[in-house]
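*Asks:* Pasting a structure here, questions to come.
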Amino acid sequence: MAKIDCFEELDVWRHAAEIGIEVYGLADELPLSKDFKSRDQLIGTVISISNNIAEGFEYNNNKDFIRFLAYAKGSVGELRSQAFVLYKAGRIKEEDYWGLKESLLNISKEIKGFINYLKAFENNKK
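Here it is as structure tokens:
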């Protein structure tokens with residue numbers, strides 16, 4: 416892997432940010448746009464994915480980065496749970512739910528793969 420100088424260069428961060436933009440769009444649609452508590456919680460959760468990736472990167476050590484990637488992955492699960500409830504409660508459309516779920520499953524796999532890569536890298540240094 417080439418040397419990465421800033422988190423904005425990470426594909427995993429860019430993909431997380433794209434999901435954030437997607438969720439902002441969903442949050443602006445009725446009826447979710449009027450459900451302020453659910454809307455705010457959904458946005459807070461999605462933003463924590465890319466923010467944790469960025470924060471972990473900025474610590475400049477793999478141990479902390481892995482920890483923050485795990486937090487990001489946890490936020491992905493939280494967001495999947497929120498999206499399911501909002502879909503079943505009629506706050507988001509079925510096609511939006513399934514599209515978001517697919518994006519979230521993909522980013523979860525991507526984060527897990529990155530964690531595994533960093534762990535292997537650290538183990539090879541020993």
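Be aware that the sequence shown starts at 416, since it is given in this note's numbering, and climbs by one per residue. Idealized CB from N, CA, C, for every residue including glycine.
Just verifying my parser: in three-state terms, what is the DSSP assignment at Ile419?
*Replies:* Counted from its first residue, the sequence shown places residue 419 at position 4. Note: Ile419 maps to coil in three-state DSSP.
*Asks:* Please state if the CB of Ala431 and the CB of Ile522 are separated by a distance shorter than 8 Å.
*Replies:* Translated into the one-based positions of the sequence shown, residue 522 becomes position 107. Translated into the one-based positions of the sequence shown, residue 431 becomes position 16. Yes, the Cβ-Cβ distance between Ile522 and Ala431 is below 8 Å.
*Asks:* How should Leu494 be labelled, buried or exposed, when 16 other C-beta atoms within 10 angstroms of its C-beta is the threshold for buried?
*Replies:* Within the sequence shown, residue 494 is the residue found at index 79, counting from 1. It counts as buried.
*Asks:* Would you kindly check if the distance between the Cβ of Leu425 and the Cβ of Ile434 is under 8 Å?
*Replies:* Within the sequence shown, the letter at position 19 stands for residue 434. Within the sequence shown, the letter at position 10 stands for residue 425. Against a cut-off of 8 Å, the Cβ pair of Leu425 and Ile434 comes out as no contact.
*Asks:* Using the C-alpha atoms, what's the distance from Pro446 back to Val427?
*Replies:* Taking the first residue of the sequence shown as 1, we reach residue 427 at position 12. Taking the first residue of the sequence shown as 1, we reach residue 446 at position 31. About 30 Å.
*Asks:* May I have the straight-line CA-CA distance separating Ser518 from Phe472, to the nearest angstrom?
*Replies:* Residue 518 sits at position 103 when you count from the first residue of the sequence shown. Residue 472 sits at position 57 when you count from the first residue of the sequence shown. Straight-line Cα distance between these residues: approximately 22 Å.
*Asks:* Where does the unbroken alpha helix (DSSP H) through Phe504 begin, and where does it stop?
*Replies:* Numbered from 1 along the sequence shown, position 89 holds the residue referred to as residue 504. Going by the sequence as given, residue 504 is Ala instead of Phe. Careful: Ala504 lies outside any alpha helix (DSSP H) and carries neither H nor E.
*Asks:* Output the boundary residues of the alpha helix (DSSP H) element that contains Lys527.
*Replies:* Here residue 527 refers to the residue found at position 112 when the sequence shown is read from its first residue. Glu509 to Lys540 is the span of the alpha helix (DSSP H), which, as asked, contains Lys527.
*Asks:* Determine, using beta carbons only, whether Ala442 and Ile468 come nearer to each other than 8 Å.
*Replies:* Within the sequence shown, numbered from 1, the residue matching residue 442 stands at position 27. Within the sequence shown, numbered from 1, the residue matching residue 468 stands at position 53. In this structure, Ile468 does not lie closer than 8 Å to Ala442 by Cβ.
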